[in-house]
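Protein sequences appear in the order of chains Z and R. Residue 647 is where the first sequence starts when you use my numbering, and the numbers rise one by one after that. Residue 2 is where the second sequence starts when you use my numbering, and the numbers rise one by one after that. Glycine included, each C-beta is placed from N, C-alpha and C at the ideal position.
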Amino acid sequence: MTERGNIIEVSHLVKKFGDFTANDDLNFEVKKGEIFGFLGANGAGKTTAIKILCGLSEPTSGIALVAGFDVGKYPDKVKERIGYMSQRFSLYNDLTVKENFRFYGGIYGLSSAAIKERTNYFLEKLEMEKTRNVVLSEIPLGWKQKLAFSVAIMHNPQVVFLDEPTGGVDPITRRQFWEMIYETAHHGTTVFVTTHYMDEAEYCERVSIMNEGRIVALGTPAQLKEKYQAQSMNDVFIKIAR
Amino acid sequence: METPSAFIRIENVQKHFAEVEALKNVSINISQGELFGFIGPDGAGKTALFRILTSLILPDSGSASIGPLDVVKDYKKIRKSIGYMPGRFSLYADLTVEENLQFYARIFKTSVEENYKLIKDIYGQIEPFKKRRAGDLSGGMKQKLALSCALIHNPKVLVLDEPTTGVDAVSRMEFWELLKKMQQMGITILVSTPYMDEATLCDRIALMDHGNILSVETPVNIAKSFKGNLLSVKTNQMYGLLSDLEQFPHAEQVFRFGEFIHITFQSENTPEIIENLTSYLNSKGHKEILISSVEPVIEDCFLALMDQPEKA
């Protein structure tokens, strides 16, 4: 296997809100095509960090390079090259499935022909052709999450950020979602994902664990289990975060 | 199903929304002091059932009662005896922690002081932040506040709709320790969850799908009812392994399971299956093959039940 380059390089990243330090000196790299699990307790600072990496929030200090650009200086260059699926469901509930694809495809700068082709591609893949003209509010949560992921990668981004994509989703749909993640990574898109399901942490190539604004552990699931003498990632997490 | 000790009785409840049959014909009896879990995919009908029990919506037909109280006729008394935590965070984001709690206490014509002993264990953990607006709390703290508010009027029954969705592993564990304490205080608890490890902590579980109850059992009996033999497989190529296993002739069900993949067989001859599977995976180019026989857990049973083709 050839050495893969880095798609994300974070160096001494700090984010403060008033007196509160949400991200306290973060340092890590993510490789091209990697599935990187970004774990941590509620309030540890994960969403803050993701927003900075996506160019939605400015760092207080430090540097984050995403897809070749300094995100603090060139947030728009970064935004063109990434996809983002936010924690709260990110599609429009009063638009139809097709309209959501068209809207986001337009934002990502795809041509009409490309939007049409990508929409057909994903609906066929998800076996959701019949829902093309259904208003999103009428679609079950698990399906919505799969649609939101498809929309986030419809412009073939170099990295996709998924913030708790499977929260509240049933075990079967969660697994289908992870098949989509594997496939996306297999085709070269880097997947940066947060989750509270520790079985999903095992599906990642490497994971980091945040606690109170800092990254306190980073490695492959096997390395972390060995280091913390734990049977599962759930045990690792509980040992670190409690 | 009819047991003399039934405290909550749900009989032939049906409910539809527009063309969707949310509850087809649901009957369950729940004993006083039970910690009773509901699991099932999105749209299974769990929330609709909870909303009927809490008197927030009416059933189309059938009946439900808690103790001597009917959820339709005695709705005012029902509301006094139930604490409900809806799926979405539904406290007032612009009130402080303390204000939210006082508000709920006053609605039920009681005070925080009067029932403080009920919530001491939970509220004590968030009390240092009592001047903080509820909207600024972390997920785990929001859940603790919501549970405190649901408990403040000393209810006999707690109805908790996915209380731990979006909550981290440590906070979930603490939340379930609190639920066990509530149960020891004599409170009957109905809880839905998408986490199968939490289902294991219930006294009994109802498995729901498409508005039906598929089974009501103890976690131990659900695991025992698993049909077939289960193997856990790991190789050096986890990406291709799932589809290779799905194509293995004797495989019934194949699911990812943490760092392993679980595969179900009907054959009794496990050593022979393992031998065949090993040479099959070798032929597909897999290396570092690890195969072992494992006992099914609730999640295996859930996946097996949900994976069956829909009955017309």
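{"Asked": "Select from Met307(R), Asn30(R), Asn26(R) the residue whose C-alpha is nearest the C-alpha of Ala7(R).", "Found": "Asn30(R)"}
{"Asked": "Within 8 angstroms, do at least three Cβ pairs link the segment 37-51 of chain R to the segment 812-820 of chain Z?", "Found": "yes"}
{"Asked": "Give me whichever residues DSSP pairs with Lys661(Z) in a beta bridge.", "Found": "Asn669(Z)"}
{"Asked": "Which whole-angstrom value describes the C-beta separation of Ile153(R) and Met142(R), a residue pair presumed to lie in contact below a C-beta threshold of 8 angstroms?", "Found": "The pair is not a contact, with the Cβ atoms about 17 angstroms apart (cut-off 8 angstroms)."}
{"Asked": "With DSSP as the reference, label Val815(Z) as helix, strand or coil.", "Found": "coil"}
{"Asked": "Would you report the Cα separation of Tyr754(Z) and Asn739(Z), rounded to the nearest angstrom?", "Found": "19 angstroms"}
{"Asked": "Under 7 angstroms between beta-carbons, which chain Z residues line up against Tyr240(R)? List them in chain order, please.", "Found": "Tyr828, His832"}
{"Asked": "What's the C-alpha gap between Lys25(R) and Asn116(R)?", "Found": "39 angstroms"}
{"Asked": "Excluding the 5 residues preceding and the 5 following Leu92(R) in the sequence, name in chain order all residues of the same chain whose CB lies nearer than 8 angstroms to its CB.", "Found": "Asn101, Ala135, Lys143, Leu146, Ala147, Cys150"}
{"Asked": "Can you give me the C-alpha to C-alpha distance between Val797(Z) and Ser732(Z), rounded to a whole angstrom?", "Found": "12 angstroms"}
{"Asked": "To the nearest angstrom, report how far apart Ala695(Z) and Gln267(R) are at their CA atoms.", "Found": "48 angstroms"}
{"Asked": "Would a check of beta-carbon distances place Ser293(R) closer than 8 angstroms to chain Z?", "Found": "no"}
{"Asked": "Within 10 angstroms of the Cβ of Phe807(Z), are there 16 or more other Cβ atoms? Answer buried if so, exposed if not.", "Found": "buried"}
{"Asked": "Give me the Cα-Cα distance between Ser854(Z) and Asn669(Z), rounded to the nearest whole angstrom.", "Found": "14 angstroms"}
{"Asked": "Under 8 angstroms Cβ-Cβ, which residues of chain R neighbour Val815(Z)?", "Found": "Asp43, Pro195"}
{"Asked": "Closer than 9 angstroms by beta-carbon distance: list the chain B residues that pair up with Ile818(Z), in chain order.", "Found": "Protein chains in the displayed structure are Z and R, and chain B is not among them."}
{"Asked": "Step through the CB atoms of chain R and report whether any lies within less than 8 angstroms of the CB of Ser878(Z).", "Found": "yes"}
{"Asked": "Counting contacts by CB-CB distance shorter than 8 angstroms, is Met844(Z) in contact with chain R?", "Found": "yes"}
{"Asked": "Quick one: which residues of the segment 150-176 of chain R get their C-beta closer than 9 angstroms to a C-beta of chain Z? List them in chain order.", "Found": "Glu163, Thr165, Thr166, Gly167, Val168, Asp169, Ala170, Val171, Ser172, Arg173, Met174, Glu175"}
{"Asked": "Would you kindly report the start and end of the unbroken beta strand (DSSP E) that includes Arg89(R)?", "Found": "Taken as a continuous stretch (DSSP letters only), Arg89(R) belongs to no beta strand (DSSP E), as it is neither H nor E."}
{"Asked": "Report all residues from its chain with a CB closer than 8 angstroms to the CB of Asn283(R); omit the five preceding and five following residues, and keep chain order.", "Found": "Ile290"}
{"Asked": "Leaving out five residues before and five after Gln877(Z) in sequence, what residues of the same chain have Cβ atoms less than 8 angstroms from its Cβ?", "Found": "Lys871"}
{"Asked": "Taking Glu35(R) as the reference, give the member of Ile274(R), Pro220(R), Cys203(R) with the closest Cα.", "Found": "Cys203(R)"}
{"Asked": "Could you tell me which chain Z residues have their CB closer than 7 angstroms to the CB of Glu100(R), listed as they occur along the chain?", "Found": "In chain order: nothing, as chain Z lies at least about 21 angstroms away."}
{"Asked": "Residues in its own chain within less than 6 angstroms of Glu3(R) by CB, not counting five upstream and five downstream?", "Found": "Annotation note: pLDDT 47 at Glu3(R) (below 50); position unreliable, coordinate value reported separately. Once the five neighbours on either side are set aside, Glu3(R) has no close Cβ partner at all."}
{"Asked": "In three-state DSSP terms, what is Glu605(Z)?", "Found": "Since the first residue shown for chain Z is 647 and the last is 888, residue 605(Z) is missing from the structure and cannot be characterised."}
{"Asked": "Helix, strand or coil: which one does DSSP assign to Ala868(Z)?", "Found": "helix"}
{"Asked": "Taking the beta strand (DSSP E) that Ser280(R) belongs to, which residues open and close that run?", "Found": "Note, Ser280(R): premise wrong, no beta strand (DSSP E); alpha helix (DSSP H) at 271-284."}
{"Asked": "With a cut-off of 8 angstroms, does the C-beta of Leu592(Z) fall near any C-beta of chain R?", "Found": "With chain Z represented from 647 up to 888, any question about residue 592(Z) goes unanswered, as that position is not in the structure."}
{"Asked": "Taking all protein chains shown into account, decide if Asp301(R) is buried (16 or more other Cβ within 10 angstroms of its Cβ) or exposed.", "Found": "buried"}
{"Asked": "In three-state terms, what does DSSP make of Met800(Z)?", "Found": "coil"}
{"Asked": "For my contact list, Gly229(R) and Thr279(R) are in at a C-beta cut-off of 8 angstroms; report their separation, rounded to the angstrom.", "Found": "In fact, because the Cβ distance is near 19 angstroms, the residues do not count as touching under 8 angstroms."}
{"Asked": "Residues of chain R with CB under 7 angstroms from Asn766(Z), in chain order?", "Found": "Within 7 angstroms Cβ-Cβ: nothing; Asn766(Z) doesn't reach chain R, min ~24 angstroms."}
{"Asked": "Should the segment 674-682 of chain Z be regarded as contacting the segment 648-663 of chain Z, the criterion being three or more beta carbon pairs within less than 8 angstroms?", "Found": "yes"}
{"Asked": "Closer than 7 angstroms by beta-carbon distance: list the chain R residues that pair up with Glu810(Z), in chain order.", "Found": "Gly167"}
{"Asked": "Would you please verify whether the beta carbon of Glu260(R) is less than 8 angstroms from any beta carbon of chain Z?", "Found": "yes"}
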